[in-house]
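Structure first, then comments.
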Amino acid sequence: MTRMTVLVLAAAFAVFSGAASAVNFGDPAAGKEKSTACAACHGADGNSASPTFPKLAGQYADYLLQSLKEYKSGARQNAIMNGQAANLSLEDMEDLAAYYASQEPAVFPVSAD
Amino acid sequence: MKAKLFGVLGLMVLAGTVHAAGDPVAGENKAYTCLGCHGVEGYRNSYPSYRVPKLGGQHAAYIVSALKAYKNGDRDHATMQSQASQLTEQDMQDIAAYFAQAGQGEQ
Numbered sequence: 116m117t118r119m120t121v122l123v124l125a126a127a128f129a130v131f132s133g134a135a136s137a138v139n140f141g142d143p144a145a146g147k148e149k150s151t152a153c154a155a156c157h158g159a160d161g162n163s164a165s166p167t168f169p170k171l172a173g174q175y176a177d178y179l180l181q182s183l184k185e186y187k188s189g190a191r192q193n194a195i196m197n198g199q200a201a202n203l204s205l206e207d208m209e210d211l212a213a214y215y216a217s218q219e220p221a222v223f224p225v226s227a228d
Numbered sequence: 222m223k224a225k226l227f228g229v230l231g232l233m234v235l236a237g238t239v240h241a242a243g244d245p246v247a248g249e250n251k252a253y254t255c256l257g258c259h260g261v262e263g264y265r266n267s268y269p270s271y272r273v274p275k276l277g278g279q280h281a282a283y284i285v286s287a288l289k290a291y292k293n294g295d296r297d298h299a300t301m302q303s304q305a306s307q308l309t310e311q312d313m314q315d316i317a318a319y320f321a322q323a324g325q326g327e328q
């Protein structure tokens, strides 16, 4: 293989490996165990019944992780969530995000027709 | 007496609907600019890099509260703040109603 071929293949691999929605951080099983406090508002599997609390099931894991980080740092303000996130380690947040992302989706992508 | 009771109950029901519920058909038109980011699967926020959230099937009331928080600056994100600043209350209700019922069959 020429060097160019190798570089092109490596680039293609890098691009396409990111396209999958597979979560590459966090342990969903550990996340489930850590989610007891979350279930009260967001539902056991992240499909919240109350319109006040967003559905999390099937949401992008990196978005969920970003949200938890922002609640913990105070960049995002919500009295309940700031309190909830205060005690979470990065590992906790990654596990929780991975858990909810892997649940039977309650939120879906929408495409422009 | 019964007529009075039903009259009062009827007024209470109407009072609950004073806030015009969102119209998903109007919302689909108004959500056109939203789909530029939220309608491209896997689309990423530029920095930090994370995927913009899926909105299809989300609670309409939650979407409205998020848009209001962006509009009044309680929630920080430059693009979302500028998007939301253009929206009236009715726009928000319509857009939220659209997203709440969108995307379900596309998975």
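Those protein sequence lines, which keep their order, are chains A and B. Take the first sequence: its letters are residues 116 to 228, numbered as in my numbering. Take the second sequence: its letters are residues 222 to 328, numbered as in my numbering. Using N, Cα and C, we set each Cβ at its ideal position, and we do this for glycine too.
Going by DSSP, what residue range makes up the alpha helix (DSSP H) through residue i?
{"i": "H259 of chain B", "result": "L256 to H259"}
{"i": "A213 of chain A", "result": "L205 to A216"}
{"i": "H157 of chain A", "result": "T151 to H157"}
{"i": "Q314 of chain B", "result": "E310 to A321"}
{"i": "L183 of chain A", "result": "A176 to S188"}
{"i": "M301 of chain B", "result": "A299 to S306"}
{"i": "N162 of chain A", "result": "Element bounds for N162 of chain A: n/a, residue is neither H nor E."}
{"i": "P245 of chain B", "result": "P245 to K251"}
{"i": "G324 of chain B", "result": "Premise fails: G324 of chain B is in no alpha helix (DSSP H) and is neither H nor E."}
{"i": "Q199 of chain A", "result": "A194 to A201"}
Beta-carbon of residue i versus every beta-carbon of chain B: anything under 8 angstroms?
{"i": "K187 of chain A", "result": "no"}
{"i": "D177 of chain A", "result": "yes"}
{"i": "S226 of chain A", "result": "yes"}
{"i": "T151 of chain A", "result": "no"}
{"i": "F140 of chain A", "result": "no"}
{"i": "S136 of chain A", "result": "Below a pLDDT of 50, predicted positions are generally treated as unreliable, and S136 of chain A, at 46, falls in that range; the measurement from the model is reported next regardless. By this cut-off, S136 of chain A is an interface position."}
{"i": "A213 of chain A", "result": "no"}
{"i": "Q174 of chain A", "result": "yes"}
{"i": "A221 of chain A", "result": "yes"}
{"i": "D210 of chain A", "result": "no"}
Give a yes or no on whether the minimum CB-CB distance between residue i and chain A is below 8 angstroms.
{"i": "G324 of chain B", "result": "yes"}
{"i": "P245 of chain B", "result": "no"}
{"i": "E262 of chain B", "result": "yes"}
{"i": "A282 of chain B", "result": "yes"}
{"i": "T238 of chain B", "result": "Any answer about T238 of chain B is weak, because its pLDDT of 43 lies below 50 and its placement is not dependable; what the coordinates show is given next. No - not a single Cβ of chain A is within 8 angstroms of the one on T238 of chain B."}
{"i": "G248 of chain B", "result": "no"}
{"i": "K199 of chain B", "result": "Shown here, chain B extends from 222 to 328; a query on residue 199 of chain B therefore has no answer."}
{"i": "Y271 of chain B", "result": "yes"}
{"i": "Q279 of chain B", "result": "yes"}
Could you tell me how far apart the beta carbons of residue i and residue j are, in whole angstroms, since I believe they sit closer than 8 angstroms?
{"i": "Y186 of chain A", "j": "A200 of chain A", "result": "4 angstroms"}
{"i": "G294 of chain B", "j": "A323 of chain B", "result": "The pair is not a contact, with the Cβ atoms about 27 angstroms apart (cut-off 8 angstroms)."}
{"i": "A213 of chain A", "j": "G161 of chain A", "result": "The Cβ separation is near 12 angstroms, so there is no contact."}
{"i": "T291 of chain B", "j": "H280 of chain B", "result": "According to the sequence displayed, residue 291 of chain B carries Tyr and not Thr. Between H280 of chain B and Y291 of chain B the Cβ distance is about 16 angstroms, and since that is not below 8 angstroms, they are no contact."}
{"i": "P269 of chain B", "j": "Q181 of chain A", "result": "7 angstroms"}
Does any residue of chain E bring its CB to less than 8 angstroms from the CB of residue i?
{"i": "L308 of chain B", "result": "Among the chains of the structure shown, chain E does not appear; the protein chains present are A and B."}
Segments of 4+ residues assigned as alpha helix (DSSP H) that fall wholly inside the segment 259-296 of chain B: 281-292
The segment 286-297 of chain B: positions lying closer than 9 angstroms to chain A by Cβ: Taking a C-beta cut-off of 9 angstroms against chain A, the contacting residues of the segment 286-297 of chain B are S286, A287, A290, D295, R296 and D297, listed in chain order.
Residues, ordered as in the chain, of the segment 180-208 of chain A that lie near chain B by beta-carbon distance below 8 angstroms: L180, Q181, A190, R191 and Q192
Selection of the segment 154-169 of chain A by Cβ proximity to chain B, strictly under 9 angstroms: S163, S165, P166, T167, F168 and P169
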